[in-house]
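A.B. asks:
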Amino acid sequence: MDNYYEGFEGNPEIDIYTFSKNEKVGIEMWDGYFDEIMRAIQPVNGEWQSLAYYYNLYEGWYDESPWEIPNNQEALKQFESIDNSTLDKVSQEILTKIIELFKNNSNNGIFIEYT
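In our numbering, the protein residues as written are 4 to 118.
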C-alpha cells in the first residue's frame with residue numbers, strides 16, 4: 004500500500020483499498036489529506052451525493068470500519084470532478100492514486116478504513 008501516513012503517527016488514518024490475491028492494495032494516508040480532498044467535492048444542486056454524502060454526514064466508515072463504498076462509479080466521478088489546483092502537492096498525488104485505484108477496480112469492492 005502507498006503510505007502517506009508517515010510522520011503523522013498518532014493522528015487518525017484513512018485507508019482506501021481493495022484486495023488483490025488476499026492482500027490490501029491501495030493508499031494509507033493521514034486523515035488531513037483525505038479531508039482536503041473530500042472538501043474539494045462540491046454539492047450537486049445544493050445536496051451532497053455519493054461518497055461526499057457519507058463524508059459530510061459522518062456516516063459510513065465513521066459507523067463501521069472497514070466500510071465498503073456502495074457505488075464505485077459515482078465515487079470515481081466525484082474524485083474526477085475535483086479541481087486539482089485547489090489541493091496541495093501531496094493531496095494532488097494522493098487524489099491521482101485514488102482515481103487510479105477506482106478506475107482499475109471499478110468492479111471490485113473498494114473499502115475505507117478509519118483508524
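Beta carbons are placed, not taken as given, at the ideal position from N, Cα and C, and that holds for glycine.
(1) Express the C-alpha separation of G49 and P73 in angstroms, rounding to a whole number.
(2) What distance in whole Å lies between the Cβ atoms of I30 and I85, which are believed to be in contact at a cut-off of 8 Å?
(3) Take P69 and list the residues in its own chain whose beta-carbon comes closer than 6 Å to its own, dropping the five residues that flank it on each side.
(4) Give me the Cβ distance between L104 and I40, rounded to the nearest whole Å; I'm assuming they're in contact under 8 Å.
(5) Give me the Cα-Cα distance between D5 and V93, rounded to the nearest whole angstrom.
(6) For E16, list the residues DSSP reports as bridge partners.
(7) Helix, strand or coil, according to DSSP, for F122 in the structure here?
(8) Just list the alpha helix (DSSP H) runs in the stretch 54 to 105, keeping only unbroken ones of 4 residues or longer that don't cross its boundaries, in chain order.
(9) The beta strand (DSSP E) that contains F114, what's its start and end?
(10) Compare the Cα-Cα distances from Y20 to each of D91, M32 and F11 and report the closest residue.
(11) Please name the residue in K27, Y36 and K24 whose C-alpha comes closest to that of Y7.
C.D. replies: On the basis of the data shown:
(1) As a position in the sequence shown, residue 73 is number 70, starting the count at 1. As a position in the sequence shown, residue 49 is number 46, starting the count at 1. Answer to the nearest angstrom: the Cα atoms are 21 Å apart.
(2) In the sequence shown, counting from the first residue as 1, residue 85 sits at position 82. In the sequence shown, counting from the first residue as 1, residue 30 sits at position 27. With a Cβ gap of about 15 Å, I85 and I30 do not count as contacting.
(3) The residue given as residue 69 occupies position 66 in the sequence shown. Answer for P69: F114 and E116, listed in chain order.
(4) As a working mapping, residue 104 is identified with position 101 in the sequence shown. As a working mapping, residue 40 is identified with position 37 in the sequence shown. Not confirmed; about 13 Å, so no contact.
(5) Taking the first residue of the sequence shown as position 1, residue 5 is located at position 2. Taking the first residue of the sequence shown as position 1, residue 93 is located at position 90. Cα to Cα, the separation comes out at about 12 Å.
(6) The sequence position of residue 16 within the sequence shown is 13, counting from 1. Paired residues: W33.
(7) Coverage of the chain is limited to positions 4 through 118, which leaves residue 122 absent and any answer about it impossible.
(8) 75 to 83
(9) Locating residue 114 in the sequence shown gives position 111, counting from the first residue. Its beta strand (DSSP E) spans residues F114 to Y117.
(10) Locating residue 20 in the sequence shown gives position 17, counting from the first residue. When only C-alpha atoms are compared, the closest one is M32.
(11) In the sequence shown, the residue the question calls residue 7 occupies position 4. Looking at the Cα atoms, Y36 is the closest of the given residues.
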